[in-house]
Every structure is written in C-alpha cells, then in structure tokens.
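Be aware that the sequence shown starts at 26, since it is given in my numbering, and climbs by one per residue.
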Amino acid sequence: MSHANLLIRGGYVLTMDPAGDIPGGDVHVRDGVIQAVGRNLDVPRAQVVDAAGKIVAPGLVDTHWHLWNTLLRGMSDGKPALGGPDGHPPGGRPPVPPEARPMDKPEYRTDESGYFATCVALGRNFLPGDTYAGTRLAAAEAIDAGITTVHDWSHNIRGLDWAEASLRALGESGLRARFSFGYQTGHPNDRLMALDDLARLAAGWPAYGAGGRIQLGMAWRGTGGSNPAMRVAPALYREEIAAARELGLPVSVHACGPAAAAGQVATYADEGLLGPDLQLVHLNNASAAEIALAAQAGAPVSVSPWTELQIGYGQPVTGELLAAGLPVGLSVDTTMLSGNADLFAVMKVTQACANGQARHEFALTARDVLRLATTDGARSMGLGAVTGSLTAGKRADVIVVCLDSPSLGVFTDPARLLVTAATPRDVELVVADGRVLKRDGALTAVDVPEVTRAARAALSGVLARAAA
Ligand SMILES: [Zn+2]
Numbered sequence: 026m027s028h029a030n031l032l033i034r035g036g037y038v039l040t041m042d043p044a045g046d047i048p049g050g051d052v053h054v055r056d057g058v059i060q061a062v063g064r065n066l067d068v069p070r071a072q073v074v075d076a077a078g079k080i081v082a083p084g085l086v087d088t089h090w091h092l093w094n095t096l097l098r099g100m101s102d103g104k105p106a107l108g109g110p111d112g113h114p115p116g117g118r119p120p121v122p123p124e125a126r127p128m129d130k131p132e133y134r135t136d137e138s139g140y141f142a143t144c145v146a147l148g149r150n151f152l153p154g155d156t157y158a159g160t161r162l163a164a165a166e167a168i169d170a171g172i173t174t175v176h177d178w179s180h181n182i183r184g185l186d187w188a189e190a191s192l193r194a195l196g197e198s199g200l201r202a203r204f205s206f207g208y209q210t211g212h213p214n215d216r217l218m219a220l221d222d223l224a225r226l227a228a229g230w231p232a233y234g235a236g237g238r239i240q241l242g243m244a245w246r247g248t249g250g251s252n253p254a255m256r257v258a259p260a261l262y263r264e265e266i267a268a269a270r271e272l273g274l275p276v277s278v279h280a281c282g283p284a285a286a287a288g289q290v291a292t293y294a295d296e297g298l299l300g301p302d303l304q305l306v307h308l309n310n311a312s313a314a315e316i317a318l319a320a321q322a323g324a325p326v327s328v329s330p331w332t333e334l335q336i337g338y339g340q341p342v343t344g345e346l347l348a349a350g351l352p353v354g355l356s357v358d359t360t361m362l363s364g365n366a367d368l369f370a371v372m373k374v375t376q377a378c379a380n381g382q383a384r385h386e387f388a389l390t391a392r393d394v395l396r397l398a399t400t401d402g403a404r405s406m407g408l409g410a411v412t413g414s415l416t417a418g419k420r421a422d423v424i425v426v427c428l429d430s431p432s433l434g435v436f437t438d439p440a441r442l443l444v445t446a447a448t449p450r451d452v453e454l455v456v457a458d459g460r461v462l463k464r465d466g467a468l469t470a471v472d473v474p475e476v477t478r479a480a481r482a483a484l485s486g487v488l489a490r491a492a493a
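Okay, structure coming up:
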C-alpha cells in the first residue's frame with residue numbers, strides 16, 4: 026500500500042479546526058500528510074477525487090475497543106452459542122419486570138450467560154490465529170465505517186504470540202492505532218499481568234509500530250472493579266501501572282461500570298495515580314466529586330454509549346463530563362454488545378442521551394458530538410497534533426461521505442447529517458495515514474469474503490474447543 030497523491034476536490038469540507046467549514050473546498054494529500062486545505066488548489070500531478078455535493082471530514086477516532094472479541098459479535102448473551110440453537114428455555118428468557126430495574130438500583134446484575142462470563146468462557150479458548158482473525162474483521166469494519174484511528178484495548182493476551190497476532194492485524198490494516206497491551210480474560214487477580222512481555226514489546230517497538238502509525242499503551246485492570254471476587258490487591262495494581270509509566274506508556278482502565286464500582290476514581294486520586302496519561306473508561310456511575318478529581322488531574326475519558334446502555338451500566342454522562350472540562354472521546358468498546366462499530370450511530374445516541382438528560386434540545390449539538398468523534402477524541406488519545414482535523418501538516422486521515430442514499434438525499438446541515446443520518450454505507454472514500462483504504466464504497470486493501478470466511482472458521486474452532 027503506497028501513499029497516495031490525492032486531490033479531493035470541491036467537497037463541503039468540515040475541517041473541524043479553527044479555519045471552520047470550507048464549502049466547495051479541496052484537500053490535498055501526499056506522502057501521508059495533509060499538504061493543503063482550501064479552495065481551488067492547484068496540484069498538477071495529483072489524482073483527482075471529485076467530491077462535489079459530498080461531505081469531506083476527518084477520519085473518525087475510536088478511543089476504546091476490544092477488537093479481538095469482534096469474533097464473538099452479538100454473543101453478549103452467550104447461551105445460544107454455547108449451548109445450541111437456543112440455550113434459553115422454550116419461550117425465551119423471562120422478562121425482568123420494570124419495577125425490578127430502576128436506573129438507580131445500587132447493585133448491578135448479570136448472569137452466567139452475560140458479556141463477562143461469555144468473554145471469559147470463550148476467550149480462554151482463543152489461539153493467536155483467532156485473535157488475528159477477530160482483530161482483522163474489526164479493522165475491516167472500522168475502515169468501512171470511516172474510522173481511521175482505533176484504540177485496541179487488548180484484554181485477552183494469553184502470551185506474546187497473542188499480542189503479536191493483534192499487532193500483525195493492526196499493521197496490515199493501514200489504520201492508525203494505539204495497541205494497549207492487557208491481561209487475559211479470566212486473569213487470576215492474585216497474579217501480575219505479563220509485564221516482561223510488555224517490556225519486550227516496548228524494547229522492540231520499531232518492529233511493531235508500522236513506522237509510527239501504531240503506538241503502544243497498557244490496558245490496566247486497576248483495582249478490578251466492583252466484584253469482590255475480581256478485586257486486585259493494591260500491591261499488584263500499583264506495580265502494573267508503575268511499570269507502564271516507567272516505560273513511558275499511556276494507560277487505560279475501565280472505571281465505574283456498575284454503580285457498586287463507584288469509588289474507583291476516588292481510589293486512584295487518593296493514591297496519586299490519576300493523570301493525563303490515564304484514560305478512564307465508562308464514568309457512568311462516578312460521583313460529581315470523582316468527576317471533579319478526574320478533571321483536576323486532566324484524565325481523559327472514553328464514553329461508549331451503546332455498550333454502557335446495553336450492559337446496564339446506565340446512561341452515559343457525556344454532558345457532565347464536558348461541563349467539568351474533561352477531555353472526552355467516543356468509543357465502540359465491544360461489538361459483542363454494540364453489535365457493530367457504527368461510530369455515526371455512537372455519535373447520534375451520545376447526543377440523544379445528553380439532550381434527553383438535560384431536557385434541552387441543544388444541550389449537545391451535532392457539531393459538539395462530531396468534535397468528540399474527531400478533534401476531541403484525538404486530543405483525548407494524545408494525538409491532537411497528529412489527526413482529528415483537516416489541517417495542513419497533520420497526518421492524512423480523511424473521509425468522504427456521499428449523500429446519494431435514500432437516507433440522506435438532500436444537503437442541509439452537514440454536521441447534523443453526519444451525526445443523525447449517515448451510516449457506514451455512505452462512506453465513499455477513506456484515507457488513513459495517506460493511504461486509500463476505501464474507494465467508491467469498497468475496501469481497497471481487504472479481501473472481505475476472505476476475512477469473514479477466516480473469522481467464521483476461527484469462531485468454529487473456538488466454540489469446538491470450548492465445548493470439548
Ligand atoms: Zn471496554
């Protein structure tokens with residue numbers, strides 16, 4: 026895959042930088058870099074893409090996603106796949122009566138067929154090739170959906186081979202990525218994560234980093250959350266985060282999922298562990314005091330509204346996080362819960378929840394939420410100078426959205442169209458790090474039938490081993 030010399034001409038350019046929108050604008054991409062953004066650019070030898078009547082925007086930024094478990098898409102209710110065509114009793118699972126599930130219920134409920142249990146039961150049967158197949162499928166979906174940056178929160182690393190399998194898939198994909206080296210699903214909470222392997226990766230990073238396109242980070246267990254059985258001893262979690270910081274790596278932790286986990290952020294604050302290098306995921310149940318502590322420390326937050334709602338963590342609290350001044354990014358999290366990696370839909374539900382909670386039609390505007398999926402998301406990942414806006418000098422992560430589908434069809438407010446109407450099928454062109462990864466609506470560097478065939482075969486193997 027070589028860097029393109031591309032002139033994207035005459036589109037409605039949402040730069041998402043202080044220059045503002047440029048109707049009828051051009052974007053010139055060469056050598057992986059945005060060379061110029063403006064009107065009537067004169068670039069004699071560039072290949073021209075006609076973007077007239079289309080929206081040109083920065084590639085979307087995901088800030089937390091377990092790419093490996095895309096192999097288990099839709100399996101957050103694991104019984105059918107583990108048991109047979111329908112693991113539930115005839116008539117299905119009995120519905121939970123409404124009075125039993127108010128949003129402010131203190132305890133959190135799931136069962137042995139839920140996301141975490143399924144993740145552990147099947148995750149332990151992954152071989153490196155399965156991690157590769159799952160990550161490759163996720164990467165293909167990201168490209169198709171106009172996502173050019175992913176944060177691969179890799180929490181089923183069962184040995185160095187698994188990490189290398191993820192990195193191979195990310196490297197081949199052409200996407201910009203942070204690879205956060207984690208533990209493994211079902212990791213014994215009295216055992217350290219594989220810090221030696223992390224150090225080995227860090228030492229040999231040039232071989233994995235795809236020329237700077239992929240960064241290394243740590244996916245940290247932290248205190249382990251609300252379940253006493255999962256609690257990690259302070260000596261262990263402190264040693265883990267210290268190791269990451271010694272290597273100069275950014276860290277990410279799931280904080281405050283279920284209500285009973287409230288207090289995690291306060292714990293990290295007490296121990297002096299919060300900082301701009303520690304991304305906090307899911308602050309749904311953080312107290313106002315905790316949000317203030319995170320803001321004081323400059324800790325970025327990743328919000329994944331679909332999965333937070335689906336798993337029962339409660340409503341995303343994007344409005345409160347933004348009001349406190351926290352750097353916020355949006356995320357896919359896991360397609361086991363969200364089903365797909367449609368970041369347009371993530372933007373839409375983020376806005377809808379924020380406005381619904383505030384009882385205000387414009388508490389969060391389409392433009393605000395688009396910023397979260399581009400500039401702000403990039404900034405929250407420490408990539409503000411690299412990507413997130415169409416600015417000369419930044420790396421070339423660009424999408425073109427076509428308005429010809431029946432669900433678009435008219436040109437009105439471009440930010441609103443992207444947030445409320447566009448879907449991955451409307452993404453016509455995707456350029457990541459200056460390489461064309463989707464053109465005329467089709468992936469250019471991924472053999473999709475081959476990737477899906479490999480994913481199905483890998484899943485069959487995982488299920489067979491799990492049943493054995
Ligand atoms: Zn997650």
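Built from N, CA and C at the ideal position, the CB exists for glycine as well.
Whether residue i touches residue j by CB criterion (9 Å)
i: His28; j: Thr88; result: no
i: His53; j: Ile80; result: no
i: Asp136; j: Thr400; result: no
i: Arg183; j: Arg216; result: no
i: Asn309; j: Pro341; result: yes
i: Gly323; j: Ala403; result: no
i: Lys463; j: Ile168; result: yes
i: Trp187; j: Ser205; result: no
i: Trp245; j: Val276; result: yes
i: Ala320; j: Gly288; result: no
i: Ala71; j: Gly35; result: no
i: Val86; j: Ala398; result: yes
i: Ala158; j: Leu362; result: no
i: Leu415; j: Val62; result: yes
i: Ala258; j: Leu223; result: no
i: Glu264; j: Leu298; result: no
Buried versus exposed call for residue i [16 or more other C-beta atoms within 10 Å across all chains shown]
i: Gly57; result: buried
i: His385; result: exposed
i: Glu296; result: exposed
i: Arg225; result: exposed
i: Gly418; result: exposed
i: Ala106; result: With a pLDDT of 44 at Ala106, under the threshold of 50, the modelled position of this residue cannot be trusted, and the question is left open.
i: Ala492; result: exposed
i: Met243; result: buried
i: Ser138; result: buried
i: Pro301; result: exposed
i: Asp358; result: buried
i: Ser356; result: buried
Close Cβ partners of residue i (< 7 Å) along its chain, the five nearest in sequence each way excluded
i: Ala170; result: Ala366, Asp367, Leu368, Pro449, Val452
i: Met26; result: Gly199, Arg460, Ala470
i: Ala421; result: Val54, Gly57, Val58, Ile59, Val456, Asp458, Gly459
From the options, residue whose alpha carbon lies closest to that of residue i
i: Leu389; options: Val444, Cys427, Gly288; result: Val444
i: Ser191; options: Glu264, Ala260, Asn94, Arg270; result: Asn94
i: Leu97; options: Gln60, Asn181, Val371; result: Asn181
i: Ala194; options: Leu217, Tyr338, Thr156; result: Thr156
i: Gln376; options: Gly242, Thr359, Thr343, Gly486; result: Thr343
i: Gly337; options: Gln72, Trp90, Phe141; result: Phe141
i: Gly273; options: Pro259, Leu241, Gly402; result: Leu241
i: Arg441; options: Val290, Gly407, Val394, Arg404; result: Val394
i: Pro325; options: Val290, Leu147, Ala269; result: Val290
i: Ile316; options: Tyr293, Thr332, Asp302; result: Tyr293
i: Thr332; options: Glu345, Thr173, Gly364; result: Gly364
i: Leu488; options: Thr40, Arg134, Cys144; result: Cys144
i: Asp472; options: Arg134, Asp67, Ala164; result: Ala164
i: Ser312; options: Thr477, Ala446, Cys281; result: Cys281
Same chain, Cβ closer than 6 Å to residue i, neighbours up to 5 away in sequence not counted
i: Ile424; result: Ala82, Gly84, Gly171, Val452, Val455
i: Arg55; result: Asn30
i: Gly50; result: Val38, Arg64
i: Asp102; result: Ser138
i: Pro153; result: Asp186, Trp187, Ala190
i: Leu303; result: Val276, Ala324
Cutoff 8 Å; reference residue i; Cβ partners in own chain excluding five residues on either side
i: His279; result: Gly247, Gly250, Val306, His307
i: Gly409; result: Thr400, Ala403
Enclosing beta strand (DSSP E) for residue i [first to last residue]
i: Tyr37; result: 31 to 39
i: Lys463; result: 460 to 464
i: Trp90; result: It is not in any beta strand (DSSP E) - Trp90 carries neither H nor E in the DSSP assignment.
i: Glu453; result: 452 to 457
i: Ala173; result: Note on identity: in this sequence residue 173 is Thr, with Ala being the wrong assignment. Its beta strand (DSSP E) spans residues 172 to 179.
i: Ile424; result: 423 to 426
i: Gln240; result: 239 to 245
Span of the alpha helix (DSSP H) around residue i
i: Ser405; result: 400 to 405
i: Ser485; result: 473 to 492
i: Met361; result: 360 to 363
i: Thr395; result: Per the sequence presented here, residue 395 reads as Leu, with Thr not at that position. Where Leu395 is concerned, the enclosing alpha helix (DSSP H) stretches over 391 to 397.
i: Leu303; result: Counting along the chain, Leu303 falls outside any alpha helix (DSSP H), though it belongs to the beta strand (DSSP E) covering 303 to 306.
i: Ser13; result: Nothing in the structure corresponds to residue 13, since the chain is present only between 26 and 493.
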